[in-house]
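Position one of the sequence shown corresponds to residue 110 (this note's numbering), numbered consecutively onward. Every residue, glycine too, gets a C-beta built ideally from N, C-alpha and C. Read the structure below first, then the notes.
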Amino acid sequence: MFVSPHIEKIAKDLDLPERVYIFDTSLRDGEQTPGISFTLQEKILIATQLDKLGVDIIEAGMPIVSKGDYEACKKISKLGLNAEITGLARISRVDIDKVIECDMDSIHVFIATSDLHLKEKLKMTREEVLEAITKETEYAKEHYSTVEFSAEDATRSDLDYLIQANKAAVEAGAIRINIPDTVGTITPQGYAYIIREHRKVLPKNVRISVHCHDDFGLSTANSIAGIESGASQIHSTILGIGERAGNVSMEEVVMSLYALYGIKSNMKIKFLYETAKMLERMTGFEISPNFPLVGSNAFKHESGIHAHAVIMNPRTYEPLTPELLGVPRTDKLSDIIEKSISVGKHTGGHSLGAKLEEFGFSNLSKSQFNEIRTEVKEIGDKGKQISDADLFAIATSVIGEVPEEEKTMNLEELSVMCGINITPTATIRLQIKTDGDWTEQVGSATGVGPVDAACNALQEVYNKFGYGIIKLKEYNIEAITGGTDALGQVKVLLEDHKGEQLKARAVDPDIVNASIKAMVNGMNRYLAKRRIENSK
C-alpha cells in the first residue's frame with residue numbers, strides 16, 4: 110500500500126482505538142432500501158458470508174416488523190456463527206419480547222431524541238422519553254448481558270439532552286452507545302465533536318458506535334471522523350445499501366481504516382469483493398462502475414499518462430493492490446495489461462501497444478499502429494467505450510488492409526439517404542490512384558437498402574477505371590459487442606471475372622461504413638495482387 114505519509118503526523122493527536130468492531134446492518138437497515146427484499150434463504154446466505162468475512166456483529170433484522178423478519182432472526186440465531194447476532198427493537202416491551210423469543214445473542218434498542226421526532230412522530234415529552242429509556246433498557250438488560258442503545262436522529266438532537274439520554278441508557282444497563290446520523294445532516298467536524306463530548310462523560314468501558322447515512326455524501330468521512338474521536342464500532346452495510354441515499358459502505362470504511370491508520374479489526378478483507386458481488390447478484394442492483402474499491406473501474410486506467418505509469422509501477426495510480434480485497438487482478442504486468450488497461454480516446458501509444466502485444470499483434474508496422482490508434486480515437490470521440498473484442502477486431506481489420514503506399518483507392522466520403530417511402534440512395538467520394546497520381550471520383554446509385562445502395566455506388570466508381578469486373582459474392586455482418594452502439598464487423602468475399610476470390614473485413618459502429626470499408630479493403634488487395642502479378 111502507498112498512502113499519504115502526512116497521516117502519520119496527525120494520527121498521534123487523534124483518539125484512535127487499537128481495534129475497531131464492525132456491526133453489519135445489511136439485513137436490517139440495508140433491506141429497507143426501496144426495491145430490495147431478501148428471502149429467508151438469501152438472508153441465511155448473506156449472514157453466512159458476513160461471518161466468513163469476519164464481521165463482529167450481524168443485525169439479523171427487527172423481529173416485530175413481520176413474520177418473515179421474525180423467522181429470519183430465529184434461523185440466523187441458530188446457525189452457530191462466530192459473529193454476534195443481534196436484533197433491533199424499539200424502546201417498547203412488545204418489541205423487546207420479540208427479540209427475546211428469537212433467542213439472539215444481544216439486543217439493540219432505540220428511540221428518537223430530537224425535538225422534531227419527539228413532537229411530530231412520538232408525541233412524547235423529553236421526560237417521557239427518558240423514563241421509557243430507563244424502564245425498557247432495564248427490562249432488556251434482565252434478558253441480555255449485551256444491550257446496545259441508539260438515540261435515533263442523534264445529530265439533530267440537543268446535545269445536552271442527547272448526552273442525558275445516553276447516560277440514562279448506560280445507567281440502565283446498556284454497554285454500547287450508538288450515535289446515529291440518521292439523515293446524514295452533519296459534517297465530519299460536527300460529528301467528531303459529538304463523539305468527543307460523549308467520551309468525556311461516558312464510562313471508559315462503554316463502547317461508542319457510529320452509524321452514518323449518506324444523504325449528503327458524507328457517510329464515510331463522518332464515520333472515520335467518529336473513529337478518530339474515540340468511537341470504536343461502526344455500523345455499515347455491504348455496498349452502502351440502505352434507505353434514501355444509503356448507509357456508509359462497509360468496503361469504504363473498513364479499507365480506509367485499514368490502509369490509512371492500520372487499525373486492527375476481525376475483518377478478512379480478501380473476501381470484501383466476493384461479498385459485494387454476492388450482494389449485487391441477490392439484489393439485482395448493479396455495482397456502479399466507479400464505486401470505490403469494488404466497482405469495475407476502480408482499478409482501470411484509460412488515460413495514456415496513467416496507464417503508462419501503472420504498467421511501470423501499479424502504485425503510481427493505485428494505492429493498494431486489488432487482490433488485497435479479493436479483486437481478481439494481481440500486480441503482474443500481464444494481469445495489469447489484460448484487466449486494468451482500458452482502451453479509448455485518451456489511450457496513449459505505450460499502453461495501446463502493450464494491449465495490442467497482449468493480443469499477439471507484436472509485429473505491427475508504424476503505419477498499421479497509427480491507423481489502429483486513429484480508429485480507436487475516432488470511435489472514442491463518438492462516445493463508444495472500446496472493449497477488448499472491439500480492439501481485436503479493429504487490429505485484425507487494419508492488418509488485413511493493404512499498406513498505405515500500395516493502396517489504389519481511399520474512401521473520402523460516404524452519404525446515404527433512406528427511409529419509409531424513400532428509395533435508398535448513396536453517394537460516394539473516392540481518391541483513385543492512376544499512373545502514380547491521385548484523382549477524386551464521385552459516384553451515386555440506388556439499392557434495395559442503404560448497404561446495397563452504397564455498394565452499388567462504389568461499384569459504379571470502380572467500373573469507370575477498367576480494372577476488371579469484381580463482384581460481391583458473400584456478405585456477413587456481426588456485432589462485436591452488445592448494445593445499439595456496438596462495433597459491427599463486416600466480412601466480404603469478392604470474386605473477379607476469372608473466378609478468383611479474396612476475403613476482406615472492416616469494423617465500424619455504422620454498418621454501412623463498415624460495409625464500404627470492407628469492400629474498399631478488398632478492392633485494394635485485389636488491385637495490389639494484380640500489380641504484383643503483372644510485374645513478373
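Cβ neighbours of residue 543 within its own chain (closer than 8 Å, five residues either side excluded): 574.
When only Cα atoms are considered, residue 422 and residue 326 end up about 32 Å apart.
Pairing residue 462 with residue 478 gives a Cβ-Cβ distance under 9 Å. By the Cβ criterion, the segment 522-530 is not in contact with the segment 481-497, since fewer than three pairs of Cβ atoms, one from each stretch, lie closer than 8 Å.
Membership of residue 307 in the alpha helix (DSSP H) is indicated by the continuous run 297-310. When C-alpha distances from residue 412 are compared across 255, 428, 458, 441, the shortest belongs to 458.
For residue 631, same chain residues with a beta-carbon under 7 Å away, outside a window of 5 residues either side, are 601, 603, 611, 613 in chain order. Here the C-alpha atom of residue 541 lies approximately 29 Å from the C-alpha atom of residue 501. Per DSSP, the unbroken beta strand (DSSP E) holding residue 321 starts and ends at 316-321. Per DSSP, residue 153 is one residue of the alpha helix (DSSP H) stretching across 149-162. Take residue 251, set aside five residues on each side of it, and no residue of its chain has a beta-carbon closer than 8 Å to its own. Taking residue 281 as reference, the option from 418, 239, 300 with the minimal CA-CA separation is 239.
A direct Cα-to-Cα measurement between residue 471 and residue 504 gives close to 11 Å. Counting the other Cβ atoms within 10 Å of the Cβ of residue 285 gives 16 or more, which makes it buried.
Spatial neighbours of residue 253 in its own chain (CB-CB distance under 7 Å, excluding positions within 5 residues in sequence) are listed in chain order as 215, 216. Residue 506 is not a Cβ neighbour of residue 373, given a cutoff of 9 Å. Residue 234 is positioned such that its CB atom lies no closer than 9 Å to that of residue 278. Under a 10 Å Cβ-count criterion, residue 557 is classified as exposed, with fewer than 16 other Cβ atoms of the shown protein chains found around its own Cβ.
With distances taken between CA atoms, residue 332 lies nearest to 304 out of 304, 310, 316, 314. Excluding the 5 residues flanking it on each side, residue 185 has same chain C-beta neighbours closer than 6 Å at 156, 169, 194, in chain order. Just measuring C-alpha positions, the residue of 198, 424, 410 sitting nearest residue 464 is 410. Around residue 180, the same chain offers 149 as residues with beta carbons nearer than 8 Å, after the five sequence neighbours per side are excluded. Between residue 218 and residue 257, the C-beta gap is smaller than 9 Å, which places the two residues in contact. The Cβ atoms of residue 448 and residue 394 do not sit closer than 9 Å to each other. Contact between residue 306 and residue 272 is confirmed by a C-beta separation of about 7 Å, below the 8 Å threshold. At the C-beta level, residue 201 and residue 262 stay beyond 9 Å of one another.
For residue 478, the uninterrupted alpha helix (DSSP H) segment begins and ends at 475-490. 9 Å or more divides the Cβ of residue 124 from the Cβ of residue 351.
Note: residue 414 is not bridge-paired with any residue in the DSSP secondary-structure output.
Straight-line spacing of the CA atoms in residue 586 and residue 387 works out to 37 Å. For the pair residue 571 and residue 584, the Cα-to-Cα distance works out to about 19 Å.
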